[in-house]
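Working notes, structure below.
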Amino acid sequence: MANTIQAIRGMHDVLPEQTPLWQYAETIIREILGAYGYSEIRLPIVEKTELFKRSIGEVTDIVEKEMYTFDDRNGDSLTLRPEGTAGCLRACLEHSLLNNQIHRLWYYGPMYRHERPQKGRYRQFIQLGVETYGMSGPEIDAELLLLMDRLWKKLGIRDQVRLQLNSLGTIAERAVYREKLVDYFHAHLEQLDEDSLRRLQTNPLRILDTKNPAMSEVVANAPELMAYLGAESTAHFNAITTILNELGISYEINTRLVRGLDYYSKTVFEWVTDALGSQGTVCAGGRYDSLIEQLGGKANHAVGFAMGMERLLALMETLETIPLAKPVDVYMVRVGEKAQQAGLRFAELLRDALPALKLQVNMEGGSFKSQFKKADKSGADFAIILGDDEVSRDEVGIKSLRDEQGQQMLSQSQALAFLQRYLLSR
Ligand code: ATP
Ligand code: MG
Numbered sequence: 296m297a298n299t300i301q302a303i304r305g306m307h308d309v310l311p312e313q314t315p316l317w318q319y320a321e322t323i324i325r326e327i328l329g330a331y332g333y334s335e336i337r338l339p340i341v342e343k344t345e346l347f348k349r350s351i352g353e354v355t356d357i358v359e360k361e362m363y364t365f366d367d368r369n370g371d372s373l374t375l376r377p378e379g380t381a382g383c384l385r386a387c388l389e390h391s392l393l394n395n396q397i398h399r400l401w402y403y404g405p406m407y408r409h410e411r412p413q414k415g416r417y418r419q420f421i422q423l424g425v426e427t428y429g430m431s432g433p434e435i436d437a438e439l440l441l442l443m444d445r446l447w448k449k450l451g452i453r454d455q456v457r458l459q460l461n462s463l464g465t466i467a468e469r470a471v472y473r474e475k476l477v478d479y480f481h482a483h484l485e486q487l488d489e490d491s492l493r494r495l496q497t498n499p500l501r502i503l504d505t506k507n508p509a510m511s512e513v514v515a516n517a518p519e520l521m522a523y524l525g526a527e528s529t530a531h532f533n534a535i536t537t538i539l540n541e542l543g544i545s546y547e548i549n550t551r552l553v554r555g556l557d558y559y560s561k562t563v564f565e566w567v568t569d570a571l572g573s574q575g576t577v578c579a580g581g582r583y584d585s586l587i588e589q590l591g592g593k594a595n596h597a598v599g600f601a602m603g604m605e606r607l608l609a610l611m612e613t614l615e616t617i618p619l620a621k622p623v624d625v626y627m628v629r630v631g632e633k634a635q636q637a638g639l640r641f642a643e644l645l646r647d648a649l650p651a652l653k654l655q656v657n658m659e660g661g662s663f664k665s666q667f668k669k670a671d672k673s674g675a676d677f678a679i680i681l682g683d684d685e686v687s688r689d690e691v692g693i694k695s696l697r698d699e700q701g702q703q704m705l706s707q708s709q710a711l712a713f714l715q716r717y718l719l720s721r
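Right, here's the structure in full:
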């Protein structure tokens with residue numbers, strides 16, 4: 296191995312044995328997004344660095360220390376996207392999608408952050424992002440939460456995640472609160488760690504987000520943002536919790552939940568789990584109306600969330616009852632020169648007639664015995680067998696690889712009908 300090249304630290308391959316679980320989750324995600332009338336948007340992985348500086352904010356962890364930024368050959372500063380919200384909004388503004396229009400969008404793909412790799416935290420990771428535009432009322436915030444609740448149920452992990460909800464109010468409300476918070480922390484400077492002392496200057500709300508257990512007490516006693524919300528923000532928040540109560544979705548109000556990014560207002564939420572250590576947030580989002588103007592658009596409304604696929608899959612890996620697709624249904628064994636030709640022809644005929652059938656043809660040759668070993672190993676349910684005998688009688692053999700029943704000899708059309716019944720019966 297000394298001379299082989301390894302992947303970049305924190306950037307992982309998804310190997311063939313892992314892809315069925317990914318595909319299973321992806322299929323359900325698409326189904327549920329479809330059930331709520333959301334459309335897919337596909338976005339570039341690289342954007343101008345300026346886009347992230349302007350949207351995420353200069354004093355956030357992402358922009359301060361996590362971005363993969365480089366100059367391209369023209370000398371333009373570009374960045375591998377650390378998240379999708381900014382690019383999605385950039386695209387919608389660029390293509391005038393927000394003029395008196397409502398949108399419910401989603402995207403799916405890799406994001407890049409130069410973080411310290413550990414379980415649930417990688418340098419390339421996959422996010423599902425969901426963004427809605429043009430809706431100011433609390434119902435759309437609630438719809439996103441309903442959609443996620445449905446997703447957890449369908450994926451079988453509803454018991455493992457909890458919804459935490461908070462309101463950050465408007466920018467003006469937050470400014471008043473920010474002063475109170477700064478006063479409070481100044482009175483408790485000796486309890487702040489180095490990170491928090493820095494944040495006190497730049498982004499004091501983020502101190503509430505600390506993962507340092509030594510600071511839990513000083514944070515627990517800090518003033519609460521909820522107390523500084525105006526009537527409109529409070530009504531918006533209460534309307535969301537009323538919908539959740541009516542539809543039986545449980546949640547916790549977490550007044551310390553501030554989220555890492557600068558652009559949120561009013562609603563913020565996280566779906567968290569205790570099963571993944573300190574990488575416990577599976578999905579996070581909120582309302583970010585003000586970002587639209589910040590990126591040069593007209594005043595408008597936006598709510599969205601992003602979900603980390605690796606963390607989601609880590610939760611699903613513990614489940615025992617996932618019906619994962621097999622790569623091969625039927626394995627074709629061919630022995631003899633005529634059988635090789637006839638087999639290829641029959642395989643193509645089967646693929647014409649039964650596009651859903653996963654048929655793998657042995658190409659390595661060898662005896663019946665060695666080919667049957669490979670058939671077993673492939674995980675297929677049936678073997679199709681062609682030897683020169685079968686070919687001379689214009690027949691094929693079919694044998695179950697799951698039970699001890701012997702080989703049946705069938706005409707090609709009988710074999711096709713047999714496999715058609717097999718597909719229907721699954
Ligand atoms: P954290 O607090 O765990 O760093 P974050 O606030 O930086 O998360 P967001 O920017 O809100 O995360 O991203 C949304 C989701 O994307 C997270 O809840 C998580 O599931 C996933 N995510 C974020 N960063 C990573 C990463 N480095 N590796 C894997 N998943 C990630
Ligand atoms: Mg982070």
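As numbered in our numbering, the sequence shown has no gaps in its residue numbers, which increase by one up to the final residue, 721. Ideal Cβ placement from N, Cα and C applies to all residues, glycine included. Note that the coordinates shown come from a computational prediction; the quantities given were computed from them, not determined experimentally.
Considering only N298, E326, R606 and I680, the residue with the shortest C-alpha distance to A570 is R606. In chain order, F347, K348, I351 and G352 place their CB closer than 7 Å to the CB of V358, counting only its own chain and leaving out the 5 sequence neighbours on each side.
Counted as a single uninterrupted DSSP element, the stretch harbouring Y331 is not any beta strand (DSSP E), since DSSP gives it neither H nor E. Rounded to the nearest whole angstrom, the CA to CA distance from T613 to D478 is 46 Å. For I693, the enclosing beta strand (DSSP E) begins and ends at E690 to S695. With a cut-off of 7 Å, the C-beta of C383 is classified as distant from ligand 1, since no heavy atom of the ligand falls inside that distance. Annotated three-state conformation of M627 is strand, per DSSP. Remark: the C-beta of D698 is outside contact range of ligand 2, defined as less than 7 Å to any heavy atom. In this chain, the alpha helix (DSSP H) harbouring R349 covers T344 to I351.
Relative to S665, the option among L652, R646, R629 and E690 whose CA is nearest is R629.
With a minimum length of 4 residues, there is no unbroken run of alpha helix (DSSP H) contained wholly in the segment 531–574. Distance check between L619 and each of I303, Y319, N298 and V456 places Y319 closest, using alpha-carbon atoms only.
Here the distance from the Cβ of D356 to the nearest heavy atom of ligand 2 is below 7 Å. Following the DSSP letters along the chain, one finds Y363 inside the beta strand (DSSP E) bounded by residues Y363 to D366. D436 and M611 have their C-alpha atoms some 26 Å from each other. A direct Cα-to-Cα measurement between D371 and K343 gives close to 8 Å. In the DSSP assignment, A517 forms no beta bridge with any residue.
Between Y407 and G379 the beta-carbon gap is near 11 Å, outside 8 Å, which marks them as no contact. A Cβ-Cβ contact shorter than 8 Å links L400 with S334. Residues of the same chain with a CB within less than 6 Å of the CB of Y546, apart from the 5 flanking positions on each side, are L458, L460 and L539 in chain order.
Nearest Cα to P518 within the set S560, K475 and A534: K475. With fewer than 16 neighbouring CB atoms inside 10 Å of its own CB, A651 falls in the exposed class.
C-alpha of E438 to C-alpha of I340: approximately 28 Å in a straight line.
Of all alpha-carbon atoms in V623, A526, M443 and R416, the one lying nearest the alpha-carbon of G464 is that of A526. Taking 8 Å as the cut-off, the beta carbon of Q419 is found closer than this to the beta carbon of M306. Under DSSP, G581 takes part in a beta bridge, and its partners are V563 and G599. Short of 6 Å from the beta carbon of N549, and not among the five residues preceding or following it, lie these beta carbons of its own chain, in chain order: Q459 and N461.
A contact is defined here as three or more CB-CB pairs under 8 Å, and the segment 621–638 fails this definition with respect to the segment 421–434. Bridge partners of S372 according to DSSP: D366. Closest by C-alpha distance to A530, out of F365, K561 and G329, is K561. Taking a cut-off of 8 Å for Cβ pairs, the segment 578–587 and the segment 595–603 touch, as three or more such pairs fall below it. Counting C-beta atoms within 10 angstroms of its own C-beta, F480 has 16 or more neighbours from the protein chains shown and is therefore classed as buried. By the criterion of a C-beta distance shorter than 8 Å, A302 is surrounded in its chain by D308, once the five residues flanking it on both sides are discounted. About 17 Å separates the beta carbons of L645 and L696, which is beyond the 8 Å limit, so they are not a contact pair.
Relative to ligand 1, the nearest heavy atom lies less than 7 Å away from the CB of Q422. Only buried fits D356, as 16 or more other CB atoms lie within 10 angstroms of its CB.
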